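Protein chains in written order, with this note's numbering: chain A, 86 to 607; chain B, 215 to 414.
See the structure below:
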C-alpha cells in the first residue's frame, strides 16, 4: 500500500517542484492523464454553457383578441421561442379534455384532437400531421410548442384569422385591427421634439420610472413597424415600444438626467408630440416647502408633465404625489356589485390629478399608473425621489352604514415608545421606517384641513381626522395623509362612490384643501 | 436459476406487490381525506383542544373586544373562560375566543381558519403572536377595519393579561408589512382604549 501511494504521488505531482524532478517517462504519463482530463473538462464546460442557454431568458407574449387580450409567458430554449400549449388553446378557446403520458400529450379542442410528443417536431391534428420548426419541449412538466405553432397549427383550430408577424411577441386573432405609427425627431430651441404619427386615434397617460418616461397609449392594440428607435441626440437616446404587460406604451429614454418631458396629443389624438426640454434655472425653494432628508443618490428622473399641460414660467411648482392604493392582483376591497377598490381609487386619483393640474399651482406625480402591483417601498421611493410637498394615498373600504363617508388619517405608530421626541434636534440621517416622524405635525395639520374641507360637502359624512399606523404613510418624506372613502364592502353596492360628480367633488375639495394648506386660495 | 434463487425472487415479488397495494390504499386515503371541516367547527374544535390541553382552573370572566365594522369601533364582551396557568396558554385562549367569534353578534376579527402557530411572552412584556397566512386572506379590507382587527387582539390581550404590555404580530413566523395591505405591523402595538366604544 505504501509503495502504491508513493507511485500515485509521482504520477500526479501536486507541487511545481514535484513536476521538475519527474523523470521523462513520468512526465509523459502526467501529460497523458491531462489529455484525458482536459477534454472531459471541456465537455462539462460545454454542457454547462449549453444548459444555461436553454433557459437563457423568459419574456411575455401578448394575444390580442377582439374583446380581450392575454399575456402568456414566453420561454426561450436553444434560441427558439416557445409558448405553453394549453395556455394558447385556452386563450383562443377551451381545452375540453386531455390525456397525458410520460412523453406524449393528447387533448381535445372542440371537435379537434391534437397530439404532441416531447422532443418531436410533429403535431397530429385529427388525422393530419404537421411539422413545426422546432421540437415540442416539456420542461418541468409544462408542454411548450415553438411559436410557429401559431401559423402552422392554430389556423386549423379556429375559424378566426390569425395574424402573426414572425419575430414579434404579439399575435392578433379575429377582427382586431392594430394601429401603427411612425416617428420623427426634431431639435427645438432648448430641447428636442419627438413626433409620433399614429394611423388612428390614441389616448395617453404618462408616468416616470427609473429615469425613463412611459407614455401609455390606451386600449387599442398597436403593431409597431419598428420596436426600437435609437437617436444620436443630446436630449433623447431611445424610443421603445413595449406591450409586454398587455398595455401598449412608448418608453422614452432621455440622454441625460434633469430634463423635463411635456407630452401632448394633437390632431384629435392621431399625433403625439413629446417635447423634452432643459428646465429653466431653479431659483431658491420657497420657505414653506419642507426640505426632505432622504438622499436620492442617483440622478432624479424628471416628472412627466402629466396630461401635457403647459407649465407656467417661474419658480418650480411644488410636487404633490398621489398614490392610488392596491393594484394588479391586489384588488383591495370590493363591493357587492363588483366595484374594486383598486379601480375606484385610480379613478379618484385621476380626477384629483386633473383638478390640481387645472389650478396650475402644483406638479403631480402618480405612484401607480395602470393596473400594476407595487410594493410599499416602490411607492415610497417614487414619492421621495420627487421631494414632494404633500403625499396623499387614497383607499376605499368599509366605513360603516353611513355612506358616502370619508376618513382622513395621518400616521401614528402602534407603540408610543417608537415615537420621536420633537424637542430633540432632527438627526442628520433618518431611518427609512422612521421618516414619518419628521412630518408628524404637518401631516396632522394637512389631515385637519382636508377633513374641514370634506365636512363642507353636502351629503358626505366625515369624521374627525384619525391617527393610525397606515403602512403606506410610514416612509414618505413629506406631510402625508391617507384618505379612505366608504363604504366599499361585499355587503353593499358601491352606489354614490362610482358617481362621476361625487368623485369630482372629492377631487375638487382635495385640490382646494392642498391649496389652502399651502396658503393660497384655489 | 437455482430453486433457492427462484424462491427468493418470488418472495421479493410478493413483497413488492404488497407494497404497491398498500401504497395504493394510502393514496386513496390521502385523496379522500377531507381538508377541513366548516370554519365554525374548526374554531370550536381548536378552542376545545386548547382548553383540554391546558391545566384549566375555575372559570373567570374574560373581557374581549370585538370589532363592530359597521360602527368603526371595538365592542366589549364578557365571557367566562377557564384560564390556563401559563400566560402563553392564556394568550392562546384569548386568541381562540376571538377566532371563535362574538356571542353578541359583533364581527369576528380573525377568520375561522386562522391558526395560532406560536405564542411567546418576553420578560419585558412583549407578546409575540405568530399566526398563519389564513388569518390575512379573508380579512375585511380597509384601513379602519384592519385597525379594528389589530386592536381587537391587542386590547383583548392587555385587558386579560397584566403581563402583556405590548404585542408584536408575525405571520407564518415572519415579520410582514401588513395583514392585508393597510396597517403597519412591523412595529409593536400597545393597547389603545380610545378605539373601544361603550354603551349601545
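Ideal Cβ placement from N, Cα and C applies to all residues, glycine included. Because the structure is a prediction, the values reported are computed rather than measured.
Check                                                                                                                                                                   : Outcome
Taking residue 397 of chain B as the query, report the chain A residues whose CB atoms sit under 9 Å from its CB, ordered along the chain.                              : 499, 553, 554, 555, 556
In three-state DSSP terms, what is residue 571 of chain A?                                                                                                              : strand
Are residue 292 of chain A and residue 454 of chain A touching if we call contact CB-CB under 7 Å?                                                                      : yes
Any beta carbon of chain B sitting closer than 7 Å to that of residue 479 of chain A?                                                                                   : no
Determine the closest residue to residue 528 of chain A out of A:542, A:580, A:474, with distance taken between C-alpha atoms.                                          : A:474
Shorter than 7 Å from the beta carbon of residue 486 of chain A to some beta carbon of chain B?                                                                         : yes
Would you call the region 364-381 of chain B and the region 333-345 of chain B touching, i.e. three or more CB-CB distances under 8 Å?                                  : yes
Would you call the region 250-268 of chain A and the region 188-198 of chain A touching, i.e. three or more CB-CB distances under 8 Å?                                  : no
Can you grab the Cα-Cα spacing for the pair residue 551 of chain A / residue 586 of chain A, in whole Å?                                                                : 26 Å
My output table needs one value for residue 234 of chain A: the three-state DSSP class, helix, strand or coil.                                                          : helix
Helix, strand or coil for residue 125 of chain A, going by three-state DSSP, please let me know.                                                                        : helix
Which ranges would you report for the alpha helix (DSSP H) in the region 334-385 of chain B if only whole runs of at least 4 residues count?                            : 348-351, 357-374
Given that residue 409 of chain A touches chain B, what residues does it touch there, using C-beta distances under 9 Å?                                                 : Those do not exist, as residue 409 of chain A stays about 13 Å from chain B at its closest Cβ, beyond 9 Å.
DSSP three-state label for residue 407 of chain B, please.                                                                                                              : helix
Are the C-beta atoms of residue 356 of chain B and some chain A residue less than 7 Å apart?                                                                            : yes
Name the residue from A:166, A:356, A:495 whose alpha carbon lies nearest to the alpha carbon of residue 285 of chain A.                                                : A:356
Using a cut-off of 8 Å between C-beta atoms, extract the partners of residue 293 of chain A located in chain B.                                                         : Under the 8 Å cutoff, chain B gives no residues; its nearest Cβ is about 24 Å from residue 293 of chain A.
Entirely within the region 228-308 of chain A and at least 4 residues each: give me those alpha helix (DSSP H) ranges in chain order.                                   : 234-237, 239-242
Taking Cβ positions only, does residue 342 of chain B come closer than 7 Å to chain A?                                                                                  : no
Is the Cβ of residue 274 of chain B closer than 7 Å to any Cβ of chain A?                                                                                               : no
Taking a Cβ distance cut-off of 8 Å, strictly less, list which residues of the region 378-404 of chain B are near chain A, in chain order.                              : 380, 391, 392, 395, 396, 397, 398, 399, 400, 401, 402, 403, 404
Do residue 437 of chain A and residue 592 of chain A have their CB atoms nearer than 7 Å?                                                                               : yes
Residues in the same chain with beta-carbon distance under 6 Å from residue 200 of chain A, minus the five sequence neighbours each way, listed in chain order, please. : 191, 209
Let me see if you follow: with CB-CB separation under 7 Å, is residue 247 of chain B close to chain A or not?                                                           : Here the model assigns residue 247 of chain B a pLDDT of 42, short of 50, so the residue's position is not dependable and the matter cannot be decided.
Quick check: what's the CA-CA separation for residue 397 of chain B versus residue 360 of chain B?                                                                      : 6 Å
Tell me, please, which residues DSSP counts as bridged to residue 302 of chain B.                                                                                       : Bridge partners of residue 302 of chain B: none, in fact.
Compare the C-beta of residue 254 of chain A with all C-beta atoms of chain B and state if any pair is closer than 7 Å.                                                 : no
What residues in the region 411-432 of chain A bring their beta carbon closer than 7 Å to a beta carbon of chain B?                                                     : 411, 415, 417, 418, 426
Looking at the structure shown, is residue 297 of chain B part of a helix, part of a strand, or coil, going by DSSP?                                                    : coil
Under a CB-based cut-off of 7 Å, is residue 309 of chain B close to chain A?                                                                                            : no
Alpha carbon to alpha carbon, how far is residue 330 of chain B from residue 581 of chain A?                                                                            : 40 Å
Check whether chain A comes within 7 Å of residue 286 of chain B, counting only Cβ atoms and requiring the distance to be less than that.                               : yes
With DSSP as the reference, label residue 232 of chain B as helix, strand or coil.                                                                                      : helix
In chain A, what lies closer than 7 Å to residue 359 of chain B by C-beta?                                                                                              : 482, 483
Near residue 319 of chain A, which residues of its chain fall below 6 Å by C-beta distance, leaving aside the five closest residues on each side in sequence?           : 340
Residues of the region 512-527 of chain A with a CB closer than 7 Å to any CB of chain B: list them in chain order, please.                                             : 518
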